[in-house]
Structure formats: C-alpha cells, structure tokens
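In my numbering, the protein residues as written are -7 to 261.
Contents: one structure, followed by commentary.
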C-alpha cells in the first residue's frame, strides 16, 4: 500500500539534493520562486479580504479561502520549492535511505532561507506597486491589521496552527504525487488550502511575504521585526512537526517495506 507514492516522493528528495549539490544558487532560485508564487496568492486573497472587509461583508474569510488554491497550484504546475512540503518529502527520502539525514537538513535550511528571500521580494514588489495604497489604502490597512494579529498571537497557538496547516499542505502534496490527472490535483489543492485559510491556520512561507508587507506599509507599534521573527519561528516549527510527524512518518509506517526490498533484489538480479 502506497509503495508508488513513497517511491516517487523519495525520488523527489534525491532530485532536490542533486540540484542543491550541483548548484546552491539554482536551488535557492527554485525556493525563491516557490515563495514568490505563494506571495501572489497572498496578494490576491488579502486584496479580496480588504475589499470585502471595507464593504462590511462578513464572509470575507470564506472567500479568501476559496481563492488561495492559486498559490500551491502555481508551485506544483509551474515548479518551485517550499519548506512546508519538503518537511514531508525529505523525511520520506531519508527514511527510504535515498538521501542522508544531513542531506535533508541541508535542504530544510536552504529552502527556508530561499523562501524568505522570495517572500520578501514579493512583498517589496507588491507594496511599492501601490496596489494596497492610495485609493486602495483600505487593502493596506486590512493587511496591517491582520499582520498585527499574527504577530501578537501566543507562540503555542502559532505552533499548533502551523502544525494543522502543514498537515493539509502535505496532504495536498501527497495527493499530487498519488493522482495522475492534473484536474484532480488542482481540485485537491483547492480543498486543502480552502480548509486551512478559512480555519485560520498558519503557513510559514505565506507569512514570510505577508508579514513583510505589514512592515513595509504604514503601521503602528504592534507591527515589529521582533513580531516577524516570533511568528515565523513558531509557525515554521509547527509546519515542520505537522509535515514530519502527522503525514510523512505515518504513511512511511503504513507502507510495506518488504515489497520494496523484493523489487530491489529483482532489479539487482
């Protein structure tokens, strides 16, 4: 059961460390693209949220959830790397002995740094485009208001929201490796991201760009660089535990290892 998915994910881990070993700048670029694509989704949903909030439409959070699927769809269909999904992918690769645990740590650190870089670039492009200011300043005000809430949330809550979020993100990733039709993949991405946005869970890569937007826009004392690090640290940890402990390890445990060993012996023969 799930042998094909485990094999595909562990192969993906091999490909990632292969690119990293060949060229760190190329791998960082892949990570930057991933977070930039996520930031595009953030720009969309908080523009929608700002408009609806300004118009006193209370269902804005549901509509935001309905629209965020574009972020992960871009990452999977166009290509890019995310810290969140790599928590699961590199764990499975290491457990399958396709990569070493040191390889996994290298990827986790590199993708986290690259995701920050891409998110910050996306935030600068968005804020200085003026799309959230001027006549649309209510969008900027909504962003800053939401950023302040995220920065002031207690660490334990951020950890658990990050954990729950990455269960959904890694399930979306798992199903993209499991399903064959692109339409089916996009549909499952939609459902998983709709759930985590509407429920109010926390995604570290999305927050890397989003919290930076709050710092760049006019803000009060509730929005700080310390608040940025507070949120990103706790959410990243929660995302990591959610992907490893609640998706990667369980599916690896369920999957028959003997079958894989027999297939390797047949190939060797």
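From the three backbone atoms N, C-alpha and C, an ideal C-beta is built for every residue, glycine too.
Just so it is clear, the structure is predicted and the values come from calculations on it, not from any experiment.
Whole angstroms is fine: what's the gap from residue i's alpha carbon to residue j's?
i	j	result
residue 164	residue 101	22 Å
residue 263	residue 44	The chain is shown only over -7 to 261; residue 263 falls outside these bounds and no answer can be derived.
residue 263	residue 237	Absent from the structure is residue 263, since the part of the chain shown begins at -7 and ends at 261.
residue 35	residue 158	20 Å
residue -5	residue 7	18 Å
residue 67	residue 214	32 Å
residue -1	residue 73	19 Å
residue 156	residue 188	8 Å
residue 115	residue 160	25 Å
residue 108	residue 200	6 Å
residue 86	residue 42	43 Å
residue 219	residue 25	25 Å
residue 78	residue 243	15 Å
residue 150	residue 117	27 Å
residue 40	residue 198	16 Å
residue 125	residue 136	12 Å
residue 64	residue 247	26 Å
residue 171	residue 11	25 Å
residue 123	residue 46	15 Å
residue 169	residue 80	12 Å
residue -3	residue 144	39 Å
residue 216	residue 239	33 Å
residue 204	residue 212	14 Å
residue 128	residue 241	45 Å
residue 104	residue 59	25 Å
residue 174	residue 146	39 Å
residue 190	residue 154	14 Å
residue 106	residue 226	18 Å
In terms of residue numbering, what span does the alpha helix (DSSP H) encompassing residue i cover?
i	result
residue 242	241 to 246
residue 177	174 to 191
residue -1	-5 to 14
residue 116	93 to 121
residue 55	52 to 59
residue 72	Here residue 72 belongs to no alpha helix (DSSP H), and DSSP marks it neither H nor E.
residue 160	147 to 170
residue 217	217 to 235
residue 140	129 to 144
residue 196	196 to 208
Within 10 angstroms of the Cβ of residue i, are there 16 or more other Cβ atoms? Answer buried if so, exposed if not.
i	result
residue 70	exposed
residue 31	buried
residue 82	buried
residue 176	exposed
residue 84	buried
residue 2	buried
residue 13	exposed
residue 148	exposed
residue 22	buried
residue 120	exposed
residue 75	buried
residue 224	buried
residue 142	buried
residue 245	exposed
residue 16	exposed
Assuming residue i contacts residue j (C-beta within less than 8 Å), just tell me the rounded distance between them.
i	j	result
residue 134	residue 38	7 Å
residue 131	residue 28	Actually they are not in contact, since the Cβ atoms of residue 131 and residue 28 sit about 19 Å apart, beyond 8 Å.
residue 186	residue 33	The pair is not a contact, with the Cβ atoms about 12 Å apart (cut-off 8 Å).
residue 9	residue 98	7 Å
residue 111	residue 162	Actually they are not in contact, since the Cβ atoms of residue 111 and residue 162 sit about 19 Å apart, beyond 8 Å.
residue 221	residue 139	The pair is not a contact, with the Cβ atoms about 13 Å apart (cut-off 8 Å).
| task | Answer yes if the segment 175 to 183 comes into contact with the segment 80 to 94, meaning at least three C-beta pairs across the two stretches below 8 Å, and no otherwise. | result | The segment 80 to 94 makes no contact with the segment 175 to 183, as fewer than three CB pairs between them are under 8 Å.
| message | Is it the case that the segment 197 to 210 contacts the segment 45 to 55, given that we only count it when at least three CB pairs across the two stretches are under 8 Å? | response | Counting Cβ pairs under 8 Å, fewer than three are found: no touch.
| If you pair each beta-carbon of the segment 222 to 234 with each one of the segment 192 to 205, do three or more pairs fall below 8 Å? | Enough Cβ pairs lie closer than 8 Å, so yes.
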